[in-house]
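*Asks:* Shown below is the structure under consideration.
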Ligand SMILES: Cc1ncc(COP(=O)(O)O)c(C=O)c1O
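In my numbering, the protein residues as written are 33 to 420.
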């Protein structure tokens, strides 16, 4: 595994060099993929370099984890086969009778899982509305609340939650704070610097960045017994990322800062354009000063507001669906954070717990020429008849 003892270099440099991998024997500057699922022991029958079996992760997984821990400013990162496998491993630490607080507007898969835990596993879950930390604090059950989960900006209306204020509530409650940073990866937000205990990422999105892998990350403030418990759960449930996906993720991380920067700039241009478009009722983008979470976002998203925005179109559900059908550059598909721009009629994919308006289109801005993206949305809104 590579290490990097050049702490003075900026995270962007460290990410671009993937912790400066350099093979001493061959001089190769790109890490190779180690596919071995088992590792020979030494003459004393001890593991060499702590690798034993593939389900605990091998050298390529460890390398990806080292890059992520470095970026997140974490003591240790664990990598999973998907964001949801990371989330379920974390919630597997909860026992019957424990209490979780989470936002009502959050990634729908996570919300569905929390409902299931409440229905089937005796874990109490309280959902708070909006972004008001006082509402969240009022839900704390002393001695019972173990986990506060937030997502910021949150799918799909991009509510911004104050991480530092939430961390203070979690500290008082004696609970852990985990932050879903999928849309605010460490090139813009290092959640631990605001007091989070755990940073979560769907690596499928910005970290991978090319829509060609699924991955999940949990980064921990402390490499303690709790992180060890989650590692053990990953090992027992087989949720570890595969070596090839870990390698793809390392490759994606090398351009994370560049891609996020470009997506942020283009998303702001598109949001400003759509804000005055007659076919659009509302633009939801934390980068716009009119967004209610703008001030908090400016404080905690120091590397850009990202490429995710949503619009509420005029004219009802059918017209919203038509806009997503009529785009020619934006691809009508779910997911986000890739180099190609996507558009999604969100209500069509969310499950029974969805609280999304039926005119909402979720837009993931990629790295294409922004003028092509603006023109494409313009023609799709026109063709769908939203401006009438
Ligand atoms: C904000 C957010 N969190 C978690 C997830 C789940 O990640 P994955 O699809 O990698 O399991 C997603 C997936 O869309 C997401 O958008």
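Backbone N, C-alpha and C define an ideal beta-carbon position, used for all residues, glycine too. As the structure is a computational prediction, the values presented were derived from the model and not from experiment.
Using only the heavy atoms of ligand 1, determine whether one of them is closer than 6 Å to the beta carbon of residue 104.
*Replies:* Residue 104 sits at position 72 when you count from the first residue of the chain shown. No, the beta carbon of residue 104 sits no closer than 6 Å to any heavy atom of ligand 1.
*Asks:* Assuming contact is defined by CB atoms lying nearer than 7 Å, are residue 247 and residue 273 in contact in what I supplied?
*Replies:* Start at 1 with the first residue of the chain shown, and residue 247 comes out as number 215. Start at 1 with the first residue of the chain shown, and residue 273 comes out as number 241. Yes, they are a contact pair.
*Asks:* From what residue to what residue does the alpha helix (DSSP H) around residue 313 run?
*Replies:* Here residue 313 refers to the residue found at position 281 when the chain shown is read from its first residue. Note, residue 313: premise wrong, no alpha helix (DSSP H); beta strand (DSSP E) at 312–316.
*Asks:* In whole angstroms, what is the alpha-carbon distance linking residue 34 and residue 56?
*Replies:* Walking along the chain shown from the start, residue 34 turns up at place 2. Walking along the chain shown from the start, residue 56 turns up at place 24. The predicted model places residue 34 with a pLDDT of 47, which falls under 50 and marks its position as unreliable; any figure quoted below should be read in that light. Rounded to the nearest angstrom, the two C-alpha atoms are 11 Å apart.
*Asks:* For a test of the three-state rule: what should DSSP assign to residue 147, helix, strand or coil?
*Replies:* Stepping through the chain shown from its first residue, residue 147 is reached at position 115. Note: residue 147 maps to helix in three-state DSSP.
*Asks:* Roughly how many whole angstroms lie between the Cα atoms of residue 399 and residue 67?
*Replies:* For this step, residue 399 is matched to residue 367 along the chain shown. For this step, residue 67 is matched to residue 35 along the chain shown. Using only the alpha carbons, I get a separation of about 32 Å.
*Asks:* If the criterion is Cβ atoms closer than 7 Å, does the pair residue 406 and residue 292 meet it?
*Replies:* Looking up residue 406 in the chain shown gives position 374. Looking up residue 292 in the chain shown gives position 260. The answer is no: Cβ separation not under 7 Å.
*Asks:* Any heavy atom of ligand 1 closer than 6 Å to the beta-carbon of residue 251?
*Replies:* Sequence index remark: in the chain shown, residue 251 carries index 219 (1-based). No.
*Asks:* Is residue 348 close to ligand 1? I mean its beta-carbon at under 6 Å from any heavy atom of the ligand.
*Replies:* Along the chain shown, read from residue 1 onward, the residue named residue 348 stands at position 316. Outside the cutoff, so no.
*Asks:* Considering only the beta carbon of each residue, do residue 232 and residue 296 sit closer than 7 Å?
*Replies:* What you label residue 232 is simply residue 200 of the chain shown in a count that begins at 1. What you label residue 296 is simply residue 264 of the chain shown in a count that begins at 1. No. Outside cutoff.
*Asks:* Hey, residue 134 and residue 112: beta-carbon distance below 7 Å or not?
*Replies:* Indexing the chain shown from 1 puts residue 134 at position 102. Indexing the chain shown from 1 puts residue 112 at position 80. Cβ atoms of residue 134 and residue 112: not closer than 7 Å.
*Asks:* Please classify residue 70: does DSSP put it in a helix, a strand, or coil?
*Replies:* Here residue 70 refers to the residue found at position 38 of the chain shown. Strand, per DSSP.
*Asks:* Scan the region 372–417 and note each continuous alpha helix (DSSP H) run of 4 residues or more that stays entirely inside, going in chain order.
*Replies:* Counting only runs of at least 4 residues, the region 372–417 fully encloses the following alpha helix (DSSP H) elements, listed from N- to C-terminal order: 402–416.
*Asks:* Taking DSSP as the reference, what is the three-state secondary structure of residue 15?
*Replies:* The requested residue 15 does not occur in the structure, where the chain is confined to residues 33 to 420.
*Asks:* Report the rounded CA-to-CA distance for residue 360 versus residue 395, giving the unit in angstroms.
*Replies:* Position 328 of the chain shown, counted from the first residue, corresponds to residue 360. Position 363 of the chain shown, counted from the first residue, corresponds to residue 395. Rounded to the nearest angstrom, the two C-alpha atoms are 14 Å apart.
*Asks:* Take residue 234 and list the residues in its own chain whose beta-carbon comes closer than 7 Å to its own, dropping the five residues that flank it on each side.
*Replies:* The residue given as residue 234 occupies position 202 in the chain shown. Hits under 7 Å: 115, 214, 248.
*Asks:* Does the distance between the C-beta of residue 116 and the nearest non-hydrogen atom of ligand 1 fall short of 6 Å?
*Replies:* Indexing the chain shown from 1 puts residue 116 at position 84. Yes.
*Asks:* Report, in whole angstroms, the separation of the C-beta atoms of residue 380 and residue 341, which I expect to be a contact under 8 Å.
*Replies:* Mapped onto the chain shown, residue 380 falls at position 348. Mapped onto the chain shown, residue 341 falls at position 309. 18 Å between Cβ atoms; not a contact.
*Asks:* Tell me whether residue 42, by its Cβ, gets closer than 6 Å to a heavy atom of ligand 1.
*Replies:* For the purposes of this step, residue 42 is taken as residue 10 along the chain shown, with counting starting at 1. Not under cutoff, so the answer is no.
*Asks:* How should residue 408 be labelled, buried or exposed, when 16 other C-beta atoms within 10 angstroms of its C-beta is the threshold for buried?
*Replies:* Within the chain shown, the letter at position 376 stands for residue 408. It is buried - the Cβ of residue 408 has at least 16 other Cβ atoms within 10 Å.
*Asks:* Under a Cβ-count criterion, where at least 16 other Cβ atoms within 10 Å of its own Cβ denotes burial, should residue 191 be classed as buried or exposed?
*Replies:* Numbered from 1 along the chain shown, position 159 holds the residue referred to as residue 191. When all chains shown are included, residue 191 counts as buried.
*Asks:* Among the residues of its own chain, which have a CB less than 6 Å from the CB of residue 299, if the five just before and after it don't count?
*Replies:* For the purposes of this step, residue 299 is taken as the residue at position 267 of the chain shown. The residues are 339, 341, 397.
*Asks:* Just tell me which of 288, 285, 314, 271 has its CA closest to the CA of residue 448.
*Replies:* The structure shown does not extend to residue 448, since the chain is modelled only from 33 through 420, so no value can be given for it.
*Asks:* Measure the beta-carbon distance from residue 245 to residue 285 and round it to whole angstroms, keeping in mind my assumption that it falls under 8 Å.
*Replies:* Taking the chain shown and counting its residues from 1, one reaches residue 245 at position 213. Taking the chain shown and counting its residues from 1, one reaches residue 285 at position 253. Not a contact, Cβ separation roughly 12 Å.
*Asks:* CB residue 250 to CB residue 110, shorter than 7 Å?
*Replies:* Residue 250 sits at position 218 when you count from the first residue of the chain shown. Residue 110 sits at position 78 when you count from the first residue of the chain shown. Yes.
*Asks:* Could you pull out every residue in the same chain whose Cβ sits closer than 8 Å to the Cβ of residue 85, ignoring the five residues on either side in sequence?
*Replies:* Counted from its first residue, the chain shown places residue 85 at position 53. The residues are 69, 70, 71.
*Asks:* Do you know offhand how far residue 310's Cα is from residue 419's?
*Replies:* Residue 310 sits at position 278 when you count from the first residue of the chain shown. Residue 419 sits at position 387 when you count from the first residue of the chain shown. For residue 310 and residue 419, the distance between alpha carbons rounds to 5 Å.
*Asks:* Would the C-beta of residue 139 count as close to ligand 1, meaning under 6 Å from any of its heavy atoms?
*Replies:* Working through the chain shown from its first residue, we reach residue 139 at position 107. Checking every heavy atom of ligand 1 against the Cβ of residue 139, one is found closer than 6 Å.
*Asks:* Helix, strand or coil for residue 279 per DSSP?
*Replies:* Taking the chain shown and counting its residues from 1, one reaches residue 279 at position 247. In the three-state reduction of the DSSP assignment, residue 279 falls in the helix class, which pools H, G and I.
*Asks:* Are residue 201 and residue 169 closer than 7 Å when you measure CB to CB?
*Replies:* On the chain shown, residue 201 is found 169 positions in, with the first residue counted as 1. On the chain shown, residue 169 is found 137 positions in, with the first residue counted as 1. Yes; because the gap between Cβ atoms is below 7 Å, this pair is in contact.
*Asks:* Report the residue from 155, 131, 45 whose alpha carbon sits nearest the alpha carbon of residue 172.
*Replies:* By 1-based counting over the chain shown, the position of residue 172 is 140. Minimum Cα distance to residue 172 is reached at 131.
*Asks:* Would you list the residues sitting across from residue 181 in a DSSP beta bridge?
*Replies:* Position 149 of the chain shown, counted from the start, is the residue given in the question as residue 181. According to DSSP, residue 181 bridges with 210.
*Asks:* Within this structure, are the beta carbons of residue 387 and residue 343 separated by less than 7 Å?
*Replies:* Residue mapping note: residue 387 aligns to position 355 of the chain shown, counting from 1. Residue mapping note: residue 343 aligns to position 311 of the chain shown, counting from 1. Their beta carbons are not under 7 Å apart, which means residue 387 does not touch residue 343 by this criterion.
*Asks:* With hydrogens ignored, establish whether the beta-carbon of residue 184 is closer than 6 Å to any heavy atom of ligand 1.
*Replies:* By one-based count along the chain shown, residue 184 stands at place 152. Incorrect: residue 184 has no Cβ contact closer than 6 Å to ligand 1.
*Asks:* So what's residue 33 in DSSP terms, helix, strand or just coil?
*Replies:* Working through the chain shown from its first residue, we reach residue 33 at position 1. Here residue 33 scores only 44 on pLDDT, less than 50, and its place in the model should not be relied on; the value that follows carries that caveat. Looking at residue 33 - three-state DSSP - the assignment turns out to be coil, as it is neither helix nor strand.
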